[in-house]
Amino acid sequence: MKKTLNINIGNSIVHIEEDAYEMLTIYLNEVKHHFSKNADDYEIVTDIENRIAEMFGEILSAQQKQAINIEDVKSVTAQMGSVKDFESSEESEGAEDPLAHIPPYDGVKKLYRDTDQAMVAGVCVGLGHYLNIEARWIRLAALISMFIGGSGVLAYLIMWIVIPRAESKSEKMTMRGEEPNLRGFANSHLNPLMKQSRGFIAEFFEFLGSFIQGAGKTLFKIIAVGIIIFGSLFLLFLIAAVAGLFGIWDSNVYSYFPVSMVNEDYLSSLVIAVFIVFAVPLLALVLFSVRVAFNGRAINKTLSFGLLIIWLGGVVVSIFYIAKITTEFKESAELAQVTPLVARKTIFLTVDKTRFFSKEDSVNYQIESYNKNGRKILNDHHGPFDEPRNVNLRIEKSENGKSELVRNYSAQGKTFEAALKQAQNIRYEFVQKDSLLNFSSRLQLTKKASWRNQEVRLMLRVPVGTHLKISRDLEWFLNGYNYWDCNEDGTAEFTEWIMTDTGLKCMNERKDSDNE
Numbered sequence: 001m002k003k004t005l006n007i008n009i010g011n012s013i014v015h016i017e018e019d020a021y022e023m024l025t026i027y028l029n030e031v032k033h034h035f036s037k038n039a040d041d042y043e044i045v046t047d048i049e050n051r052i053a054e055m056f057g058e059i060l061s062a063q064q065k066q067a068i069n070i071e072d073v074k075s076v077t078a079q080m081g082s083v084k085d086f087e088s089s090e091e092s093e094g095a096e097d098p099l100a101h102i103p104p105y106d107g108v109k110k111l112y113r114d115t116d117q118a119m120v121a122g123v124c125v126g127l128g129h130y131l132n133i134e135a136r137w138i139r140l141a142a143l144i145s146m147f148i149g150g151s152g153v154l155a156y157l158i159m160w161i162v163i164p165r166a167e168s169k170s171e172k173m174t175m176r177g178e179e180p181n182l183r184g185f186a187n188s189h190l191n192p193l194m195k196q197s198r199g200f201i202a203e204f205f206e207f208l209g210s211f212i213q214g215a216g217k218t219l220f221k222i223i224a225v226g227i228i229i230f231g232s233l234f235l236l237f238l239i240a241a242v243a244g245l246f247g248i249w250d251s252n253v254y255s256y257f258p259v260s261m262v263n264e265d266y267l268s269s270l271v272i273a274v275f276i277v278f279a280v281p282l283l284a285l286v287l288f289s290v291r292v293a294f295n296g297r298a299i300n301k302t303l304s305f306g307l308l309i310i311w312l313g314g315v316v317v318s319i320f321y322i323a324k325i326t327t328e329f330k331e332s333a334e335l336a337q338v339t340p341l342v343a344r345k346t347i348f349l350t351v352d353k354t355r356f357f358s359k360e361d362s363v364n365y366q367i368e369s370y371n372k373n374g375r376k377i378l379n380d381h382h383g384p385f386d387e388p389r390n391v392n393l394r395i396e397k398s399e400n401g402k403s404e405l406v407r408n409y410s411a412q413g414k415t416f417e418a419a420l421k422q423a424q425n426i427r428y429e430f431v432q433k434d435s436l437l438n439f440s441s442r443l444q445l446t447k448k449a450s451w452r453n454q455e456v457r458l459m460l461r462v463p464v465g466t467h468l469k470i471s472r473d474l475e476w477f478l479n480g481y482n483y484w485d486c487n488e489d490g491t492a493e494f495t496e497w498i499m500t501d502t503g504l505k506c507m508n509e510r511k512d513s514d515n516e
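Residues 1 to 516 in my numbering are what the sequence shown spells out, letter by letter.
Quick look at the structure:
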């Protein structure tokens, strides 16, 4: 097992084995000694160290390991080049142009924005390097495109955002197609293009960019303040909602949809978990906005990690209980109840709007005080938190010449037995009084019964020749017939139908066919 060291190279902390460190030290000492007579020796050596640090980082990331070994150092120094080879090349060239002996780099170029020679953002210069085209021609093409629908401006802005800026020396060399080795770093400091001063236009756009960044910071602060206000209000809303779900504001909350889908046994745990899932990210966003708006410190790492653990716990618990709820709808069961009806030549079908109250409701709402003078409490409104009515009515011809109403109760559950029990928990009432058949507007569930997609399908069978006058309140309950086909002007409170051998027909339709 080899000893490892922690070194700082190129402002990066690298784990390196001891023998590899010794080889790297010798190599860097030779580099420093070679460039010690150069006016830009510090900059050149710094660029070389930064490039070596980049290569070490690439090796560690690609090979998924923790420390640099001696083979890695040999590979890096081979790519960077030997000082001896560099010196012998310089001696053989003599007093010739130091750039003349550089062979063309066959490596892959990368697209960057060249802000050193930029007039605006360096997009055109960067494209010129990448395509081996002079930047002035690309600038000319960009200028012309501005007058052809303005597409050039949009394209330039997109590339400004997408194309990264060449920041490090190795990135700038790769952008120009120069090999990032000892020779390349040395010659980059001799290249006059690298040292030319920026023009007035470039400096103007740099100033403009700084101004926009300053304005952007102000805008971000305003947005952050807005997030703090609305985020805090939403957090208070979530807290109030949780309090409501625990019955603080309304003791009947468990009967509201979709809360009624959840078993009371684990409703509290699910509510807390869902609250955590929504509240923790919102709290983190508010804290981050506070930092942006007031230049505060970053959130403590321990606090951030703790919030992350709490949020993940909330996600896991929420998924567990939601999956548990979905299993409660796995199986289906159905039972039927047949009720004979008194035969009538004409039957009026209406909806009973009287609200059903349990014994507890009667006490809470003081029902007795409303019953004076024959007053009744009506409730035909279907609120957003009411369970789905799930009641539909179909009218068919009776095969035995008798009138009857079939009530089919269906529900779902984790098992067939559970689904059947949920179906048995359904309560649905209707009343026949003389020729009036009055249906309840919605089904009722027995106490502590959870909502499991309970449904009541009514089948009214009447003999041929029976006249039916259907109230417009039943339009949403009818299945298989369009109520408005028999109420074209929309003003009639009742529409007239008749049962024929071929099924239920509108009286208006029958009269039209008789006239023909």
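Beta carbons are placed, not taken as given, at the ideal position from N, Cα and C, and that holds for glycine.
Because the structure is a prediction, the values reported are computed rather than measured.
Alpha-carbon spacing of Ser289 relative to Glu178, whole angstroms: To locate residue 289, count along the sequence shown from 1; it is residue 289. To locate residue 178, count along the sequence shown from 1; it is residue 178. Distance between the alpha carbons of Ser289 and Glu178: 44 Å.
Any non-hydrogen atom of the ligand GDP closer than 7 Å to Met173 Cβ: Although the ligand GDP was asked about, the structure shown includes no ligands whatsoever.
Spatial neighbours of Asn371 in its chain, beta-carbon cut-off 6 Å, leaving aside the 5 residues before and after: Counting from one through the sequence shown, the residue named residue 371 turns up at place 371. Note that Asn371 has pLDDT 49, beneath the 50 cutoff, so the model's placement of it is unreliable and no number is given.
Alpha helix (DSSP H) segment containing Asn69, residue limits: For the purposes of this step, residue 69 is identified with residue 69 of the sequence shown, where counting begins at 1. No alpha helix (DSSP H) holds Asn69; DSSP gives it neither H nor E.
Nearest-angstrom Cβ-Cβ length linking Val277 and Trp311, presumed shorter than 8 Å: As a first step, residue 277 is located in the sequence shown; it is residue number 277 there, counting from the start. As a first step, residue 311 is located in the sequence shown; it is residue number 311 there, counting from the start. Confirmed, about 7 Å.
Nearest-angstrom Cα separation, counted from Ile70 out to Lys3: Mapped onto the sequence shown, residue 3 falls at position 3. Mapped onto the sequence shown, residue 70 falls at position 70. Distance between the alpha carbons of Lys3 and Ile70 is about 12 Å.
Sequence-distant residues of its chain with Cβ nearer than 7 Å to Leu478 (five each side left out): Against the sequence shown, residue 478 aligns to sequence position 478. By the criterion of a C-beta distance shorter than 7 Å, Leu478 is surrounded in its chain by Leu393, once the five residues flanking it on both sides are discounted.
Gln454 - DSSP class collapsed to helix/strand/coil: Indexing the sequence shown from 1 puts residue 454 at position 454. Coil, per DSSP.
Beta-carbon proximity list for Lys169, same chain, < 6 Å, skipping 5 on both sides: Here the question's residue 169 lines up with position 169 in the sequence shown. Excluding its 5 nearest sequence neighbours in each direction, Lys169 has C-beta neighbours in its own chain below 6 Å: Asp47, listed in chain order.
The stretch 316 to 325 touching the stretch 342 to 354, judged by at least three CB pairs closer than 8 Å: The stretch 316 to 325 is not in contact with the stretch 342 to 354.
Close beta carbons around Pro103, own chain, < 8 Å, minus the five adjacent residues each side: If you number the sequence shown from 1, residue 103 lands on position 103. Per-residue confidence for Pro103 stands at a pLDDT of 46, beneath the threshold of 50, marking its modelled position as unreliable; the derived number appears in the next sentence. Excluding positions up to five away in sequence, the list is empty.
Residue range of the beta strand (DSSP E) that includes Tyr409: For the purposes of this step, residue 409 is taken as residue 409 along the sequence shown, with counting starting at 1. Secondary structure note for Tyr409: its beta strand (DSSP E) is the uninterrupted segment Glu404 to Gly413.
C-beta contact flag for Ala419 and Glu331 at 8 Å: Taking the sequence shown and counting its residues from 1, one reaches residue 419 at position 419. Taking the sequence shown and counting its residues from 1, one reaches residue 331 at position 331. In terms of Cβ geometry, Ala419 and Glu331 form a close pair [threshold 8 Å].
Between the CA atoms of Val162 and Gly306 - distance to the nearest angstrom: If you number the sequence shown from 1, residue 306 lands on position 306. If you number the sequence shown from 1, residue 162 lands on position 162. Each residue's Cα considered, the two are about 35 Å apart.
CB contact flag (Ala53, Ile26, <8 Å): Here residue 53 corresponds to residue number 53 of the sequence shown, with the count starting at 1. Here residue 26 corresponds to residue number 26 of the sequence shown, with the count starting at 1. No, the Cβ-Cβ distance between Ala53 and Ile26 is not below 8 Å.
Trp484 - partner residues in DSSP beta bridges: Within the sequence shown, residue 484 is the residue found at index 484, counting from 1. Looking at the DSSP assignment, Trp484 forms no beta bridge with any residue, so it has no partner.
Beta bridge counterpart(s) of Met159 as assigned by DSSP: As a position in the sequence shown, residue 159 is number 159, starting the count at 1. For Met159, which the question treats as bridged, DSSP gives no partner whatsoever.
Collapsed DSSP secondary structure at Ala20 in the structure displayed: The count along the sequence shown starts at 1 and reaches residue 20 at position 20. Annotated three-state conformation of Ala20 is helix, per DSSP.
Span of the beta strand (DSSP E) around Thr350: Counting from 1 along the sequence shown, the entry for residue 350 is found at position 350. Run containing Thr350: Thr346 to Asp352, per the beta strand (DSSP E) assignment.
Buried versus exposed call for Ile239 [16 or more other C-beta atoms within 10 Å across all chains shown]: One-based indexing of the sequence shown puts residue 239 at position 239. Label assigned to Ile239: exposed.
Cβ shell of Ser435 (< 7 Å), same chain only, five flanking positions each side left out: By 1-based counting over the sequence shown, the position of residue 435 is 435. Non-local beta-carbon contacts of Ser435 in its own chain, meaning distances under 7 Å to residues more than five positions away in sequence, involve Arg344, Thr346, Ile347 and Phe348 in chain order.
Cα-Cα separation between Ala284 and Ser232, rounded to whole angstroms: The residue labelled residue 284 in the question sits at position 284 within the sequence shown. The residue labelled residue 232 in the question sits at position 232 within the sequence shown. Using only the alpha carbons, I get a separation of about 11 Å.
Cβ contact (3+ pairs, closer than 8 Å) linking the stretch 113 to 130 and the stretch 61 to 77: Three or more Cβ pairs closer than 8 Å define a contact, and the stretch 113 to 130 falls short of that threshold against the stretch 61 to 77.
Validate contact between the stretch 390 to 405 and the stretch 454 to 473 using beta carbons, cut 8 Å, 3 pairs: Taking a cut-off of 8 Å for Cβ pairs, the stretch 390 to 405 and the stretch 454 to 473 touch, as three or more such pairs fall below it.
Cα-Cα separation, Leu140 to Ile44: Your numbering for residue 140 matches position 140 in the sequence shown. Your numbering for residue 44 matches position 44 in the sequence shown. Spanning the two alpha carbons is a distance of roughly 35 Å.
Nearest-angstrom Cα separation, counted from Ile470 out to Gln432: Residue 432 sits at position 432 when you count from the first residue of the sequence shown. Residue 470 sits at position 470 when you count from the first residue of the sequence shown. Inter-residue distance for Gln432 and Ile470 is about 14 Å (C-alpha atoms, whole angstroms).
Rounded straight-line distance, which links the Cα of Ala323 to that of Ile272: By one-based count along the sequence shown, residue 272 stands at place 272. By one-based count along the sequence shown, residue 323 stands at place 323. If I take the Cα positions, the gap works out to 16 Å.
Ser55 and Val83 closer than 8 Å at C-beta: Position 55 of the sequence shown, counted from the first residue, corresponds to residue 55. Position 83 of the sequence shown, counted from the first residue, corresponds to residue 83. In the sequence under discussion, the amino acid at residue 55 is Met, which differs from the Ser named in the question. No, the pair does not count as a contact, with Cβ atoms beyond the cut-off.
Counterpart residues of Met55 in DSSP-defined beta bridges: As a working mapping, residue 55 is identified with position 55 in the sequence shown. Looking at the DSSP assignment, Met55 forms no beta bridge with any residue, so it has no partner.
Helix, strand or coil at Met119 [DSSP, three-state]: Stepping through the sequence shown from its first residue, residue 119 is reached at position 119. DSSP places Met119 in coil when its eight states are reduced to three.
Beta carbon of Met173 nearer than 8 Å to that of Lys110: Here residue 173 corresponds to residue number 173 of the sequence shown, with the count starting at 1. Here residue 110 corresponds to residue number 110 of the sequence shown, with the count starting at 1. With contacts defined as CB atoms closer than 8 Å, Met173 and Lys110 fail to qualify as a contacting pair.
Limits of the unbroken alpha helix (DSSP H) element including Arg139: Start at 1 with the first residue of the sequence shown, and residue 139 comes out as number 139. Ala135 to Met146 is the span of the alpha helix (DSSP H), which, as asked, contains Arg139.
Endpoints, the beta strand (DSSP E) within which Gly503 is located: Translated into positions along the sequence shown, residue 503 becomes position 503. According to the DSSP assignment, Gly503 belongs to the beta strand (DSSP E) that extends over Gly503 to Cys506.
Endpoints, beta strand (DSSP E) assigned at Lys432: For this step, residue 432 is matched to residue 432 along the sequence shown. In the sequence on display, residue 432 carries Gln and not Lys. For Gln432, the enclosing beta strand (DSSP E) stretches over residues Phe430 to Lys433.
Neighbourhood of Cys486 by C-beta, 7 Å cutoff - its chain only, sequence neighbours within 5 removed: Here residue 486 refers to the residue found at position 486 of the sequence shown. When the five nearest sequence neighbours on each side are left out, the beta carbons in the same chain lying within less than 7 Å of the beta carbon of Cys486 are those of Thr495, Trp497, Cys506 and Asn508, in order along the chain.
Nonlocal neighbours in the same chain, by C-beta distance under 7 Å from Glu493, ignoring five residues either side: Taking the first residue of the sequence shown as 1, we reach residue 493 at position 493. Within the same chain, Cβ atoms closer than 7 Å to the Cβ of Glu493 are found at Ser471 and Arg472, the five residues on either side in sequence being excluded.
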